[in-house]
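All residue numbers for the sequence shown refer to our numbering, where the first residue is 1 and numbers rise by one. C-beta atoms are modelled at their ideal positions from N, C-alpha and C, and glycine is treated no differently. Remember, it's a predicted structure, so these values are computed and weren't measured experimentally. What follows is a short report on a single structure.
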Amino acid sequence: MAEYEKVLTRNVGVPRAYDIDVYESRGGYAGLKKALTEFQPDQVTDLVKNTGLRGRGGAGFATGLKWSFVPKGPMQKYLVVNGDESEPGTFHDRELLENDPHQLVEGAIITCYAVGITKAFFYIRGEFALGYHRLQNAVKQAYEKGYLGKNILGGGFSCDAYTIQGAGAYICGEESALLESLEGNRPMPRSRPPFPAVVGLYAGPTVVNSVETISNIPHILVRGLEWYTSLGTAPRNTGPFIYSLSGHVNNPGNHEGPLGLTIGELVNDIGGGVLGGRTMKAFIPGGASSAWLKGDCWDVKLDFDTLGGMKTMLGSGAQIVLDDQCCVPHAAVRLAEFYNHESCGKCTPCREGTRWMVKLGRRIIEGSADSKDIDTLFRIADRIGFGPPNKMTLCALGDASTSCITSTVRQWRDEWEYHAKHGRCPTPTGKPVNLAV
């Protein structure tokens, strides 16, 4: 793998990088100054659009295109930064919040300038106490330095920012449920259309982007289009990317690199190989919501289009390694339990389907089922869908909850059959190995 200069995590490990004086000494807020003095708002949007930056929170939607959907005019518009990172195995946003909150604040202000927004909300997962505290302090320091408030840097642009702490609900990572939570309602997804870009927070046009997505923006302004598109594969898979690597691997953690590393480069070159020198049985490429891959997937590129073509996804940017001692059905049902617990209950297929996936999955694991029950489990999972052809739920949680079941039944049917017949794991010890995340 070629040598790589860190971008998004360049301040991680720098003493007190969360303090504005240290951040400025390392080039901080140069992107904002450049945006306000050298660019018109539409030019910033066009620049971001041309970079090919895609959302890092899960869907991978084109960021600049999303901004362009917001209607022009004097109406109140909002930016909501989604920091409700809660998916198993995903922890890159937490590191950015704790170590470099000013990068996020700067990116949010530039975004507001580009779209004509005057109010930004940072919605942070309730468990991120340290990150929330440091972000609050970063916002306070930005006001003191004139980067937030009225007439920012004398350029005539004004913007206010607010920090909100969630209460630990995974569903708040879904953009419309997050907006409901911000408004003081129970966090349940909305029916769309209308989409948040037109009718969002308090019925106003709203941009919703993730922490990592917004953290890209200052670097685009400072270093430019050509530099950004040189990372990854232009035009659709570009820029720096933080890989949250966990599971049975020697060097877990957040590892930054260009978007599109191969699984072999990530696991072997950066991650130090599979734990204990064992064989990789399975690989989860995009967080718990993504379909699993067989362990011989070393040459697969971790980008949006390659994984999409394989009926899985880059998703939340978390990669989980499972070795040959891991029991696939146990691990799959454990993830299904998470989604059953976190379902908001609004949509019947998700509320009841996830419950039955767990109930039937446990029955198979305990040996109280047969081959027909495995088929039933697959059918239940296959009928909980968000997009075409099923269109059964209002948000993607229902669809995400099924990937751990459908992909493992397809590819490791023999392990499910073994459990149904013997009531124990087909691993060397005959006991389940925990899914390490």
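Local Cβ density within 10 Å of residue i, reported as buried at 16 or more and exposed below that
| i | result |
| --- | --- |
| GLU38 | exposed |
| PHE61 | exposed |
| PRO189 | buried |
| PHE69 | exposed |
| HIS419 | buried |
| MET357 | buried |
| HIS330 | buried |
| MET75 | exposed |
| THR348 | exposed |
| ALA205 | According to the sequence provided, residue 205 is Pro. The question's Ala does not apply to it. Buried, since its Cβ has 16 or more Cβ neighbours within 10 Å. |
| GLY27 | exposed |
| ARG16 | exposed |
| LYS66 | buried |
| PRO187 | buried |
| GLY353 | buried |
| SER191 | exposed |
| ALA2 | exposed |
| TYR132 | buried |
| LYS150 | exposed |
| LYS346 | buried |
| GLY257 | buried |
Start-to-end residues for the alpha helix (DSSP H) that takes in residue i
| i | result |
| --- | --- |
| ASP414 | 413-422 |
| ILE217 | 217-229 |
| MET280 | From DSSP, MET280 is part of no alpha helix (DSSP H) but of the beta strand (DSSP E) over 280-284. |
| SER68 | 63-68 |
| ASN340 | 328-342 |
| TYR23 | 20-25 |
| LYS33 | 30-38 |
| TYR78 | Taken as a continuous stretch (DSSP letters only), TYR78 belongs to no alpha helix (DSSP H), being part of the beta strand (DSSP E) at 78-83. |
| THR51 | 41-51 |
Boundaries of the beta strand (DSSP E) in which residue i is found, first to last residue
| i | result |
| --- | --- |
| GLN319 | 318-323 |
| PHE241 | 240-247 |
| SER368 | First-last for SER368: undefined, no H or E at that position. |
| THR163 | 160-165 |
| ALA120 | 119-124 |
| GLU256 | 253-258 |
Whole-angstrom C-beta distance between residue j and residue i, which should lie under 8 Å
| i | j | result |
| --- | --- | --- |
| ARG56 | LEU97 | Not really, about 14 Å apart at Cβ, beyond 8 Å. |
| LEU259 | LEU231 | 7 Å |
| ASN216 | GLY239 | 6 Å |
| GLU174 | CYS395 | 5 Å |
| CYS159 | ASP84 | Actually they do not touch by this definition, with Cβ atoms about 22 Å apart. |
| VAL7 | VAL14 | About 14 Å; that fails the 8 Å criterion. |
| ALA332 | LYS311 | Rounded, the Cβ-Cβ distance is 16 Å, inconsistent with contact. |
| ILE214 | THR111 | 6 Å |
Beta-carbon proximity list for residue i, same chain, < 6 Å, skipping 5 on both sides
| i | result |
| --- | --- |
| TYR162 | PHE121 |
| LEU221 | GLY31, LYS34, ALA35 |
| GLN136 | THR163 |
| SER25 | none |
| LEU130 | GLU98 |
Spatial neighbours of residue i in its chain, beta-carbon cut-off 8 Å, leaving aside the 5 residues before and after
| i | result |
| --- | --- |
| ARG413 | ILE374 |
| ASP305 | ARG236, ASN237 |
| SER371 | GLU417, ALA420 |
| LEU360 | ALA369, ASP373, THR376, LEU377, ILE380 |
| TYR147 | TYR29, LEU32, VAL105, GLU106, ILE109, LEU153 |
| PRO426 | CYS327, ASP414, GLU415, TYR418, HIS419 |
| LEU335 | PRO88, ALA288, CYS404, LEU435 |
| THR118 | GLN76, LYS77, CYS112, SER158, CYS159, ASP160 |
Own chain partners of residue i with C-beta closer than 7 Å, once the 5 adjacent residues on each side are dropped
| i | result |
| --- | --- |
| GLY423 | GLU366, GLY367 |
| HIS92 | GLU212, ILE242, SER244, ASN254, GLY317 |
| ASP299 | THR262, GLY264 |
| LYS145 | ILE20 |
| VAL321 | GLY247, HIS248, VAL249, VAL267, VAL274, MET280, PHE283 |
| TYR228 | THR51, ILE220, THR238, GLY239 |
The ligand ATP heavy atom lying under 8 Å from the CB of residue i
| i | result |
| --- | --- |
| GLY107 | By its list of ligands, the structure shown contains no ligand whatsoever, and the ligand ATP lies outside what it can speak to. |
Within-9 Å CB hit, residue i to chain B
| i | result |
| --- | --- |
| LEU225 | Protein chains in the displayed structure number just one, and chain B is not present. |
At least 3 beta-carbon pairs within less than 8 Å: the segment 125-136 vs the segment 39-54:
Short answer: they don't touch.
Can we say the segment 305-324 touches the segment 280-291, given the rule of at least three CB pairs closer than 8 Å?
Proximity of the segment 305-324 to the segment 280-291 meets the contact definition, three or more beta-carbon pairs being nearer than 8 Å.
Count Cβ pairs between the segment 330-343 and the segment 263-272 that sit closer than 8 Å; are there 3 or more?
They do not touch, by the three-pair rule.
Do three or more CB pairs link the segment 367-383 to the segment 401-418 at distances below 8 Å?
Contact between the segment 367-383 and the segment 401-418 is present: 3 or more CB-CB pairs across the two stretches fall below 8 Å.
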